[in-house]
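Asker:
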Amino acid sequence: MTTPWTEDQVTALAPDANVLSAARKLAGRRRDAGQHETALWGRYPGSGATPCQTIIELSGPAYSCTCSSRKFPCQHALALLLAWAAGEVPVVAQTADFAAAWLGGRAATRVGQRVHTPNPATAEQRRTRVTAGMVELDIWLGDQIRTGLAQTDRSSHAFESIAARMVDAQAPGIASALRGLATTMVTRADWPDVVLREYARIHLLVAAHRQLDDLSPALRASVRAHIGYPTSAELVRAEPPVRDRWMVFARQISADERLYTRRTWLYGRVHRRWGLIIDHSFGSPSFPADLPAPGELADAELHYYPGAAPLRALWGEQYGAAEPFTTLPVDSERPNTIATALTAHAAALGRDPWLRTWPMLLVDVVPTWTAEGWYVTEFDGTALPITGTDQSWRLLGVSGGHPVTVAAEWSTGGLIPMSVFTAGEVIDLAVADRVGRDTPHPPAAPTSGTDLTSVALLGTARKKPDLDRLPPPVARATARLSTDPALRLLESAALHDVFVRGGVCPSVATAPEPAADDSRRLLPRAAAARLARLLEQRSVFLPEWFDAAAPHNYRAPDALSGQLLEHATIDVVLREPLLRLAGVRGSWLAAWRPEWRSLVRQPGMSERAEDTWRFGQPPERRDWLAELRRCDATAARQRLTAAWPTESGPIKAELLAVLTEGITPDDEPLLEAALDDRRADVRRTAAALLALLPDSAFARRMRDRAHAWVRVEHRFRHTNLVLALPDTLDAATRRDGITDRTVEFSYRWNGAPDNAATLLRQLVAATPLAHWTRLLDTPERVVRASIEDRFRQPIFDGWVDATLAQQDTSWGRALFEAGVPTDLAMLRRRELFALLPPSHRTGHLTRLDGSWLSEIEALLPAMGHPWPESLAQHLILLLFERARTAARRPDTHGTAPNAHRSLLAAAAVHLPVATAGAVGAVARRCDDPAWEHAFDQLADDLNQRSMMLEELQ
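Using this note's numbering, the letters of the sequence shown map in sequence onto residues -1 to 951.
1. Threshold first: 4 residues or longer. Then list the alpha helix (DSSP H) segments lying entirely within the segment 540 to 611, N to C.
2. Since L347 is in the alpha helix (DSSP H), which residue starts that stretch and which ends it?
3. Assign E134 to one of three DSSP states: helix, strand, or coil.
4. I'd like to check one pair, V762 with I793: are the Cβ atoms closer than 7 Å?
5. Measure the C-alpha to C-alpha separation of A689 and W543 and round it to an integer number of angstroms.
6. Using C-beta distances below 8 Å, list every residue in its chain close to V953, excluding the 5 sequence neighbours before and after it, in chain order.
7. Using 10 angstroms around the beta-carbon of C72, count the other beta-carbons present and answer buried if the total reaches 16, otherwise exposed.
8. Consult DSSP for A442 and reduce its assignment to one of helix, strand or coil.
9. So which of T150, E5, R499 has the shortest CA-CA distance to L456?
10. Just the C-alpha distance for A509 and T420, rounded to the nearest angstrom, thanks.
11. Apply the 10 Å Cβ neighbour rule to H207 and answer buried if 16 or more other Cβ atoms are within range, or exposed otherwise.
12. Can you name, in chain order, every residue of its own chain whose Cβ lies under 6 Å from the Cβ of P401, other than the five neighbours on each side?
13. Which residue spans inside the segment 1 to 36 form an unbroken alpha helix (DSSP H) run of at least 4?
14. In terms of residue numbering, what span does the alpha helix (DSSP H) encompassing L487 cover?
15. Where does C50 fall in DSSP's three states?
16. What span of residues does the beta strand (DSSP E) with P365 cover, start to end?
17. Taking the alpha-carbon positions, what's the P13 to I661 distance?
18. Roughly how far, in whole angstroms, is the beta-carbon of L572 from the beta-carbon of L597, given that I think they are within contact range, below 8 Å?
19. Am I right that D136 and H224 are in contact with their C-beta atoms under 8 Å? What's the rounded C-beta distance?
20. Who are the near neighbours of L347 in its chain, counting only those whose CB is closer than 7 Å to its CB and skipping five residues on each side?
21. Is A175 helix, strand or coil when you go by DSSP?
22. So, helix, strand or coil for V404, using DSSP?
23. What number of angstroms, rounded off, separates the C-alpha of G918 from the C-alpha of F933?
24. Let me confirm a value: T126 is counted as buried when at least 16 other C-beta atoms fall within 10 Å, else exposed. Which label applies?
25. Under 8 Å by Cβ, that's how I've got P383 and W372 pegged, so tell me the actual separation to the nearest angstrom.
26. Less than 7 Å between the C-beta atoms of A589 and L577, yes or no?
27. Can you give me the Cβ contacts of A624 inside the same chain, cut-off strictly under 6 Å, excluding the 5 residues immediately before and after it?
28. Which of helix, strand or coil does DSSP assign to C503?
29. Quick check: D297 and Y265, are their CB atoms within less than 7 Å of each other?
30. Give the single residue among D556, P555, Q561, A524 whose Cα lies nearest to the Cα of R536.
31. By Cβ distance below 7 Å, which residues in the same chain neighbour D436 in space, the five residues on each side in sequence not counted?
32. Enumerated in chain order, which unbroken segments of the alpha helix (DSSP H) with a length of 4 residues or greater are wholly contained in the segment 186 to 247?
33. C50: buried (16+ other C-beta within 10 angstroms of its C-beta) or exposed?
34. I'd like the span of the alpha helix (DSSP H) that includes W770, first residue to last.
35. With a CB to CB cut of under 6 Å and the five nearest residues on each side skipped, what residues in its chain are close to A20?
36. Here's the rule I'm using: 16 or more other beta-carbon atoms within 10 Å means buried, otherwise exposed. How should H908 be labelled?
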């Protein structure tokens, strides 16, 4: 029986996220499912009455489904594989009839296929075409060097033309290299070095192909592979197998248009040998699930492709199931050091000079960031440079200054990390990571002072290279080279390139001081994986995730430190929980990168407090004062009072606004002094803060003005508010912030700006609300008073301003229930609604029917998270009513889900996760396909949130 795959192996087969999401929604909806040997089958409900018959052959894998999907695997096949991975598909003694018919047909097709054997005539014809193309290419290369790289056509069209000629000559390997140079020309400042090195490599390949019959079989195979000759799988499997306990260290998937390529790196515990398995899939990343996952090992055989330095292989017979590995083999005679790895690379390069990369396993190295760049460093300072990749900061976060094992590829530009092994776990560094994207390209290989590149730029027709300046071994070898100056330069460059790459000496670097330990409990693995995805997607579920994680006081896995810091730089709201989760490791990592350094309060900040306040930048001073205000309100006020006479510029208003938090009557003297400031923004800020002190002198002055400007007249049936506004404003009134400005409030009367309305709103907004209730008993009676039409809007607007500033619940309820008379104030209706008690808010929304969906949507943000159960059920029913309307009258405007997409998006975030079942039930009752999909998506989002919360337990 085939061992069930893991969920990660199944999800990796999904052609896209939509198919995977649809597959998860089919959980529990299968019928007649079963497994027999390598066959898996089941039935799922389809769009019609007949269920979809889904069959999977696990050995391929291969898929068959009667649904209309053009994606492979389809949602039904993925759902069946997910159920099988979860152990929900029973093993039966006999294959179902409908599955046996399809499987039998495949078996008959395989039997009818004959083993492909190369036709000697076809092979000779291909070689003739390649040879002709190589001759033409060599002439082109000579012309490039003879004319000079600076003078030749460096456009993408020029490279595409010669690459197309190589495709016609059936040399795809060379064509791919030439196409890559077009990008190099426009993206690399060191392009002359890179282009000369590539031209020299290709010329060497042309020369080797010219003498193909004289080469050893192994070297002949390497030359053919680099040019692009095909090698059949049958020929590879005929090679003697190498059995070992193969550890999987890395897996990377790349895409070139619709062709997906998966590369899997393995390392043998016994033979200490690397293997690389390359799989291709067209259309979708549907790769066989026969290989172990990174971090697992299997007792198996590899069949290596023939070559001088064999690396690529085919997966052979496996003996037993894969299992995780937590240790590495130790061999004192062959330690995995930098020196040993460089020696192995030099030996491989000597056998195959066209190698671009070579894998390395470096044990007990420390990632190091210096002014010169990135390195991995051994305990004695021996180091190798790391290329400027996205993974460097992630690697440093995993290490934290402690020794780790790094699996990497050595290239011309340096080391390319693929994974890191630490604490018995393999962490794949190929995972998409936004950290470090600004790192420049690595420099080209050093030229050791030669002038080969400068001669190639000018052209050998203008200048001859001085080959005696090459290193002595290379200079001696150049005496036997071609006499043609252009070809001689190419061959010299090829020799020099191999000499430099094979003779690389380690660098020296000092490892950083390691990070301290964090004693908190580690975030569960499943929760950590989900958090990484949420951060990458900048998901709207992140606030809920952090709220649920806060009571547990987890620490994040070290591999997430960089991602958490990067997100903290852009998300101010979640910055504190992000940094708390990153913990000690995050603080240590932030100290190494300038963009992150300001996020974390470094040790010793208290000693630098005085310097920050006296000499810091305005934002730093504001933040420092705000922190002091939270800790010691009196000290903050004293600091600001002492510095107030010398402050200037916009920062004055910002510093004064810091007093909002925990404002008390003790702040009144400073605020009164600020009313006399020359800056209008400072005066407005001071007036707004003084209005929050109901017993202040400012409040008393405002009550006196309100008493003089607004008079109450009691009539038999109603109460009138009679206005008596002054014709001119005295100096005291202007000092208190009431001015005849019309910029902020655009009231008009009889077609002209209404300055009186502006004055009235400012007065009402700054007057304590208690003044009006003393006149008319309750807020309800106040808002029912009759007001002249001209001044009704500014008075209500002022009451709204005062209610929100003073956070008065009774006034909020009175104004909300009375309705707001202007469109402008309507925008603040939600803020008034938020002042009501939770039960009042819920009751109001549940009394509204489907015709008030817009009103409900506008007020829902004031309902907190999650929404109350009764409100959630009411909202689901209203949406279901809209879906029924859409089914009955499809052409009715505003009934489609797109008309309510913002409401559905909010529901996905705020509905209680327990309502997922109700939403799913509604989806199955929908007759409108668009609404059925919308409810299905909503149910899936709720299920995802439910799993998200469960993972944190």
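Idealized CB from N, CA, C, for every residue including glycine.
Bear in mind that the values here come from a model prediction, so they are computed numbers and not experimental data.
Answerer: Put simply:
1. List check, alpha helix (DSSP H) in window: 540 to 547, 559 to 568, 573 to 588, 592 to 595.
2. 336 to 349
3. In this structure, E134 counts as helix in the three-state DSSP scheme.
4. The answer is yes: Cβ separation under 7 Å.
5. 38 Å
6. An answer regarding residue 953 cannot be provided, because it is not within the stretch -1 to 951 covered by the chain.
7. buried
8. Any answer about A442 is weak, because its pLDDT of 43 lies below 50 and its placement is not dependable; what the coordinates show is given next. The answer is coil: DSSP assigns A442 none of H, G, I, E or B.
9. Cα-wise, what sits closest to L456 is T150.
10. 17 Å
11. buried
12. D362, V364
13. 5 to 9, 15 to 23
14. First-last of the alpha helix (DSSP H) with L487: 483 to 500.
15. strand
16. 356 to 368
17. 58 Å
18. Not confirmed; about 12 Å, so no contact.
19. Actually they do not touch by this definition, with Cβ atoms about 15 Å apart.
20. L353, V496, R499, G500
21. Looking at A175 - three-state DSSP - the assignment turns out to be helix.
22. strand
23. 7 Å
24. exposed
25. Their Cβ separation, rounded to whole angstroms, is 7 Å, which keeps P383 and W372 in contact under 8 Å.
26. no
27. V656
28. coil
29. Between D297 and Y265, the C-beta spacing is not below 7 Å.
30. Distance from the Cα of R536 is smallest, within the candidate group D556, P555, Q561, A524, for Q561.
31. In this prediction, D436 has a pLDDT of 36, which is less than 50 and means its spatial position is unreliable; nothing more can be read from the coordinates.
32. Within the segment 186 to 247, the complete alpha helix (DSSP H) runs of at least 4 residues are 189 to 208, 215 to 225, 231 to 235.
33. Buried, because 16 or more other Cβ atoms sit within 10 Å of the Cβ of C50.
34. Per DSSP, W770 belongs to the alpha helix (DSSP H) from 768 to 774.
35. Within the same chain, Cβ atoms closer than 6 Å to the Cβ of A20 are found at Q73, the five residues on either side in sequence being excluded.
36. So H908 counts as buried.
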